[in-house]
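The sequence shown begins at 230 in the working numbering and counts up one residue at a time. Note that beta-carbon positions come from the ideal geometry of N, C-alpha and C, so glycine has one too.
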Amino acid sequence: MHLFSRGFAKGGSGFRELAEGFLHPNKGFGHQSGASVDILATRSSRSFIPDTDFERETSPDPLLPSKNDELDRAYDLLSTSAFHNASVERLSGAVRVKTESFDDLGPVGEDPRWDVFYNFHAYLKATFPLIHEKLELEKVNTHGLLYTWKGSDESLKPTLLMAHQDVVPVPVETIGSWTHPPWAGVYDGKYIWGRGSSDCKNQLIAVMETLELLLQTHFEPRRTILLSFGFDEECSGTRGAKQLAASIEERYGNDGIAVIVDEGSSFETTWGTLFAKPGTAEKGATDVDITIRMPGGHSSIPSDHTSIGVLSELIAKIESEQYRLYLDDENPYYTQLQCGTAHSPEFPSKLKKLLSHRRLSHSSCKAKPDYLAIEAAKQGLDIKYLMQTSQAVDVISGGAKANALPERVTVTVDHRINVGESTQVVWDRLTALAGDIAKKHNLTLHAFDGKEEPSSVILTGWPTRLEPAPVTPADASVDGPYAVLAGTVRALYGKDVVVTPGIMTGNTDTRYYWGLTKHIFRFGPGFDPEDGPGLGGIHTVNERISVKNHINAVKWFTLFVRNMDEATI
């Protein structure tokens, strides 16, 4: 059966009417007339005519599972006030369990700060009893959670859903700046507030709510479903996701998973169009420590330049020149630009002209200025760094006393590597810049060789060095996981939503899962059209998520799991 021959071909009630009720709430499903509006109603009368040929390549027809009365009724419950209230309490309760992770955590089992995850596991067990009764749960490296819902057809590769249990710390000095206490899980009638509410206990709880609901309806999957929840994503994932991925690969083998969905990019309105942007790529990353060692002594008899002065000179050289803007043909943002020309009435004419020129030349050229990237970058920093390797001087330390010359100073420079480039480009550039400074001040250069000595400049790469991720296939005209994901988005949110591949400037736990499948999506499927732009306070004060966003994520996962279960891929 063709992937898109299901769902809308069937008459009667069920998911088709449920989707209609969601998109047009005034027609039923517990919504009063005028209480809400179609997400894209304001665009329905526009005169712009989209390019339907390109649409088929990126945004397939809405995809709904086959009719099942019991499952359809259960899905209908997701729109009730009873589920709304219960979901608020489940996510609020998860926020109230502190699960901070720190960069300086010691080994699991030795550092007592890991013990907070025992409390979170107890919370999940009490909150989702059917999952813990019916599914197999393995604890990997003590705190990593791997749930398995075994399917009836072993020939089908599993669906893998991910999230992480840990959250970034809340500095004590920032607590007074929060509208609501960061660990209270306050619900104000629209938002749930607190650390982890949008990064990413919301996704974890949405996935758990989805499976608990499916278990209640006696759903019996053909395709095995895996849940993998790491516990140190915010400090590189080496103890959690890395070991979970190894455990999964040992069982299912290389390329043994059909699709992975983890946290990631979501929805964005630009050029007059609403885009859903599942991340099909991630930039690479390399953190580099630069250390200057110079003789100490009393500050009343200083050298012309102290180690801090020399390091400052090197930092100034690093920041004086940025990496080149370059939009690789494999970069998902290139596809979004093409989607913009096809679907967006407000797409800039200059970008359209440059894009047409790129198409005629068939590819970008690293040896020449990339005028398309240069023009696109004018839209803002968030767009610029989709096409450029970034550098950020984030941490500096050195010096002990006002009257003592510093003998050792260190700076950490964070880099996120552009698609089509490599970490070696960064290391080579830093080596050249540091070499110039070392020569000027008569210092020895040790560039990434693991050595150091007095009177030297030392470059050290962190062990978390990561190349840009392989790019996930994203052709919706081909039956595959992207088509299922995109079709599910349009089934829930309507055909006016344009689905386009996105790119993550940060990194997720999926960095350890590349060997499991070519189909990795970093996607937050929840959306609230009444919510403002932004990331909901992620990694800062006033982290929050709207409950409508969260419940829509549950709806999406419910549809997606069933759609994947019926797919023949």
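Which residue marks the beginning of the beta strand (DSSP E) containing residue i, and which one marks its end?
i           : result
residue 389 : 388-393
residue 497 : 496-499
residue 790 : That residue, residue 790, is in no beta strand (DSSP E); its alpha helix (DSSP H) goes 776-795.
residue 616 : Premise fails: residue 616 is in no beta strand (DSSP E) and is neither H nor E.
residue 316 : Note, residue 316: premise wrong, no beta strand (DSSP E); alpha helix (DSSP H) at 310-325.
residue 686 : 685-690
Around the Cβ of residue i, are there at least 16 other Cβ atoms within 10 angstroms (buried) or fewer (exposed)?
i           : result
residue 568 : buried
residue 338 : exposed
residue 797 : exposed
residue 532 : exposed
residue 781 : buried
residue 351 : exposed
residue 438 : buried
residue 335 : exposed
residue 486 : buried
residue 751 : buried
residue 527 : exposed
residue 530 : exposed
residue 701 : buried
residue 596 : exposed
Along the alpha helix (DSSP H) that carries residue i, what are the first and last residues, could you check?
i           : result
residue 465 : Residue 465 -> no alpha helix (DSSP H), and no H or E assigned at all.
residue 600 : 600-605
residue 228 : With the chain covering only 230 through 798, there is no way to say anything about residue 228.
residue 364 : Premise fails: residue 364 is in no alpha helix (DSSP H) and is neither H nor E.
residue 549 : 536-549
Can you tell me the Cα-Cα spacing of residue i and residue j, whole angstroms?
i           : j           : result
residue 664 : residue 674 : 6 Å
residue 342 : residue 353 : 19 Å
residue 402 : residue 770 : 11 Å
residue 786 : residue 435 : 8 Å
residue 757 : residue 722 : 10 Å
residue 291 : residue 784 : 14 Å
residue 312 : residue 306 : 7 Å
residue 260 : residue 777 : Bear in mind that the predicted position of residue 260 carries a pLDDT of just 30, short of 50, making it too unreliable to give a figure here.
residue 654 : residue 503 : 35 Å
residue 626 : residue 632 : 17 Å
residue 618 : residue 720 : 36 Å
residue 588 : residue 578 : 15 Å
residue 640 : residue 329 : 25 Å
residue 295 : residue 731 : 29 Å
residue 355 : residue 405 : 32 Å
residue 623 : residue 551 : 16 Å
residue 616 : residue 358 : 45 Å
residue 511 : residue 630 : 42 Å
Which one of the options has the shortest CA to CA distance from residue i?
i           : options            : result
residue 414 : 701, 583, 776, 320 : 320
residue 740 : 322, 470, 399, 685 : 470
residue 607 : 597, 680, 580, 422 : 580
residue 734 : 507, 558, 533, 681 : 507
residue 753 : 430, 668, 463      : 430
residue 432 : 392, 765, 330      : 392
residue 314 : 417, 644, 605, 615 : 417
residue 571 : 304, 727, 586      : 727
residue 678 : 670, 409, 690, 684 : 690
residue 490 : 742, 767, 795, 775 : 742
residue 481 : 584, 534, 696, 386 : 386
residue 650 : 610, 731, 514, 309 : 514
residue 696 : 730, 656, 562      : 656
residue 549 : 746, 662, 692      : 662
residue 554 : 652, 396, 788, 646 : 646
residue 346 : 440, 461, 316, 333 : 461
residue 736 : 564, 693, 500      : 693
Considering only residues of the same chain and omitting the five flanking positions on each side of residue i, which have a CB-CB separation below 6 Å?
i           : result
residue 483 : 744
residue 598 : none
Taking only heavy atoms of the ligand FMN into account, decide whether any of them is closer than 6 Å to the Cβ of residue i.
i           : result
residue 516 : Annotation note on the ligand FMN: not contained in the displayed structure, which lists no ligands.
Return the chain-ordered list of same chain residues with a C-beta closer than 7 Å to the C-beta of residue i, the five sequence neighbours on each side being excluded.
i           : result
residue 472 : 369, 370, 373
residue 275 : Confidence in residue 275 is poor, its pLDDT being 37 and thus under 50, which makes the residue's placement too unreliable to answer from.
residue 303 : 442, 445, 446
residue 457 : 375, 389, 391, 473, 477
residue 348 : 326
residue 724 : 291
residue 559 : 648, 649, 700
If I measure Cβ to Cβ from residue i and keep anything under 8 Å in the same chain, skipping five residues before and after, which residues do I get?
i           : result
residue 636 : 522, 523, 524, 525, 536
residue 412 : 324, 325, 327, 399, 423, 424
residue 659 : 517, 519, 547, 642, 676, 688
residue 427 : 764, 765, 766, 767, 772, 773, 774
residue 363 : 378, 444
residue 666 : 539, 542, 543, 546, 672, 686
residue 584 : 566, 567, 570, 601
Answer yes or no: does any C-beta atom of chain C fall closer than 7 Å to that of residue i?
i           : result
residue 585 : Absent from the structure: chain C. Only one protein chain is present.
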